[in-house]
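Using my numbering, the first residue of the sequence shown is number 58, and each one after it goes up by one.
Here's the structure we're looking at; comments come further down.
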Amino acid sequence: MSLRQGYLTLFFAIFAVFLNPAWGEDGKTISNIEARQGINVCIWPDYFSITYLSPRTQQLEGIDIDLSHALADDLGVPVNYVKTHFGQFMDDLEAGKCDVAMFGVGNTKARQKRINFTQPYLASNMYAVTTKQHPFIKSWSDMDQKGVIICVQKGTYMENAMRKSLKNATLTTVLRPNERELEVLSGRADVFITDYPYGQKNGQRL
């Protein structure tokens, strides 16, 4: 079964690199980087065109891979990648597993309480993805109905936006990104919400 992208704009999401608060406050993060002679960067390696581990080349690619290499070059150290995901990255930052997280993360008020952000450098609309066989979901207006289940990844910009937007549909959350597709393909959810890069990945792969 393949998925169909319902590419209709609902919200405009800003994505940014964000740093451990210690980076800008007392120089602790910079000192740690210099001491270990390397910068640890948290990424989610399934983020198509952002931080993506290509199955063909087994190499990381995407805009935040390029930018993290540029950051490491500026600091004069090699870059080390730490695998994480949206439901875990703030814990990883606070635990010192990485110095910076770079994988297209949206700036939200909840996240601002725990981490600092750089200036945004990437934007994306949000997109709905459902199956080709779905009997009635063809637009955003079709989704917000009683009995419709919409899936988002917990802790993402999409979760907060959909909670504010939905009036009738039921919102369900999952921890890991690929669980969204499984919820839709299994019939436990009618649609999942994502951004343009990840939606493009599903259009090509599923």
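We put the beta carbon where it would ideally sit given N, CA and C, even for glycine.
Just so we're clear, the structure is a prediction, and the values are computed from it rather than from any experiment.
CB-CB under 7 Å to residue i, same chain, minus the five flanking residues each way: which ones, in chain order?
i, result
"Leu232", "Gly144 and Lys211"
"Lys224", "Asp201"
What does a CB cutoff of less than 8 Å around residue i pick up in its chain, not counting 5 residues either side in sequence?
i, result
"Val139", "Asn97, Val98, Cys99, Ile100, Asp149, Lys154 and Cys155"
"Thr213", "Phe143 and Gly163"
Out of the options, point me to the one whose CA is closest to residue i's CA.
i, options, result
"Asn173", "Glu151, Ser181, Asp123 and Asp131", "Glu151"
"Asp252", "Gln94, Ile90, Thr86 and Ile107", "Ile107"
"Ser196", "Leu239, Ile250, Thr175 and Asp131", "Ile250"
"Arg237", "Val209, Pro112, Lys170 and Gln116", "Val209"
"Ile87", "Pro192, Leu128, Thr230 and Val186", "Leu128"
"Ala180", "Ser111, Thr229 and Gly161", "Gly161"
"Tyr198", "Asn217, Glu216, Asn182 and Ser222", "Rather than Tyr, the amino acid found at residue 198 in this sequence is Ser. Cα-wise, what sits closest to Ser198 is Ser222."
"Asn217", "Asp103, Met147, Lys166 and Leu110", "Lys166"
Going by DSSP, what residue range makes up the beta strand (DSSP E) through residue i?
i, result
"Thr141", "Run containing Thr141: none; DSSP gives neither H nor E here."
"Asn97", "Ile96 to Ile100"
"Val248", "Val248 to Asp252"
"Ile107", "No beta strand (DSSP E) contains Ile107, which DSSP labels as neither H nor E."
The alpha helix (DSSP H) with residue i in it runs from where to where?
i, result
"Tyr214", "Tyr214 to Ser222"
"Gln169", "Lys166 to Gln169"
"Ile207", "First-last for Ile207: Ile206 to Gln210, but that is the beta strand (DSSP E), not the alpha helix (DSSP H)."
Taking buried to mean at least 16 other C-beta atoms within 10 Å of its own C-beta, is residue i buried or exposed?
i, result
"Pro177", "exposed"
"Asp121", "buried"
"Ala185", "buried"
"Gly119", "buried"
"Ala92", "exposed"
So, at 6 Å on beta carbons, what are the nonlocal neighbours of residue i in its own chain, with the 5 sequence-adjacent residues on each side left out?
i, result
"Thr227", "Ile206"
Is there contact between the region 237–249 and the region 202–214, where contact requires at least three CB pairs shorter than 8 Å?
-> Because the criterion of three Cβ pairs below 8 Å is met, the region 237–249 and the region 202–214 touch.
How about the region 95–107 and the region 150–160: do they share at least three Cβ pairs that are nearer than 8 Å?
-> In short, these stretches touch, since the Cβ pair count reaches three.
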